[in-house]
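Residue numbers for the sequence shown follow the numbering used here, beginning at 451 and rising by one.
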Amino acid sequence: MENETNLLNRITCDPNLYGGKPIIRGRRVAVEHILDLLAAGDDTATILSGYPFLEPEDIRACLVYASKLARHERVELLAMS
């Protein structure tokens, strides 16, 4: 399994996409959207079938990101330009 730092490197922010909200690998998919799908009961396979450009590690990255936020840890995101 990839370590948390490698997973979190998949989460970026682009001020031109979604108002700078965290997104996955510069794609037009917000982390919050994937978390909402998981919270609604969708499993990884269902999400990946709906977003074929995503990888299982992207979903794990969203969960690591959410876990760190829940602990009130600071998360530094890579800025896309």
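The C-beta atom is built at its ideal place from N, Cα and C for all residues, glycine as well.
| Simplified DSSP state of Ala490, which is helix, strand or coil | coil
| request: Would you be able to state if there are at least three C-beta pairs under 8 Å between the region 462–470 and the region 487–504? | output: no
| query | Got a sec, what are the start and stop residues for the alpha helix (DSSP H) Pro506 sits in? | reply | 506–520
| field | Leu467 and Ile474 closer than 8 Å at C-beta | value | no
| query | Under a Cβ-count criterion, where at least 16 other Cβ atoms within 10 Å of its own Cβ denotes burial, should Asp486 be classed as buried or exposed? | reply | exposed
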